[in-house]
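Residue numbers (our numbering): 25 to 184.
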Ligand SMILES: *[C@@H]1O[C@H](CO)[C@@H](O)[C@H](O)[C@H]1NC(C)=O
Ligand SMILES: *[C@@H]1O[C@H](CO)[C@@H](O)[C@H](O)[C@H]1NC(C)=O
Ligand SMILES: *[C@@H]1O[C@H](CO)[C@@H](O)[C@H](O)[C@H]1NC(C)=O
Ligand SMILES: *[C@@H]1O[C@H](CO)[C@@H](O)[C@H](O)[C@H]1NC(C)=O
Ligand SMILES: *[C@@H]1O[C@H](CO)[C@@H](O)[C@H](O)[C@H]1NC(C)=O
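What follows is the structure, given as structure tokens:
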């Protein structure tokens, strides 16, 4: 086992225990591109839509799949909503997103989106990975064009 794979816990009481690995996000140079961010708030609540892409890297630890997904949802503090894969890659990558409660900074309401990616390891079919990260933008609808920004995953866990 690599030293950067910290064996964090053992789950499952069965004889086949699954090892939960936590990878230091700083050990990877990896982020996701958000494009076409549009978000606004109405009486019924706040809503968003955007595309998010991640690049394949077959040599990083862990290897990452290429994906592009369209995410749309509403409600600050709502549960994750499934994003729609737009790519044609032959992987089981699942992308979800949710809007976190906003904060107000000097009169501007900060919108924070959290995205999570889960996929089966590209080489080891019994291992899966979960990457989660968030980034902030603002409720730009009607006041500014669609926004682009990046999300750097800050929590990376794997189960083998
Ligand atoms: C997402 O990407 C698709 C094409 O891949 C494009 O048609 C669509 O307009 C994009 N949506 C946003 C919100 O940028
Ligand atoms: C893939 O990951 C390796 C190891 O982290 C890194 O050195 C390399 O630059 C990455 N390649 C791309 C195309 O991002
Ligand atoms: C807060 O916003 C006002 C008006 O938009 C601006 O003049 C001021 O510089 C801002 N202050 C900070 C600390 O960003
Ligand atoms: C990743 O793990 C978090 C925490 O357990 C979970 O809430 C989230 O749904 C997972 N992501 C995916 C895409 O399943
Ligand atoms: C956002 O990214 C898209 C796709 O890369 C690009 O076409 C568009 O010009 C960018 N928009 C801004 C405001 O930079």
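Where is the CB? At the ideal position from N, CA and C, for every residue including glycine.
Just so it is clear, the structure is predicted and the values come from calculations on it, not from any experiment.
Within the DSSP bridge table, the entry for residue 138 names 122 and 158 as partners. DSSP, reduced to helix, strand and coil, places residue 184 outside both helices and strands of the structure shown, so it counts as coil.
For the pair of segments examined, the segment 159 to 177 was found not to touch the segment 82 to 95: the number of CB pairs separated by less than 8 angstroms stays below three. Beta-bridge partners assigned by DSSP to residue 57: 77 and 174. The beta-carbon distance between residue 141 and residue 78, rounded to whole angstroms, is 7 angstroms. This is short enough to meet the 8 angstroms contact definition. Nearest Cα to residue 174 within the set 125, 59 and 101: 59. Shown in chain order are the residues whose CB sits closer than 5 angstroms to a heavy atom of ligand 5: 59 and 172.
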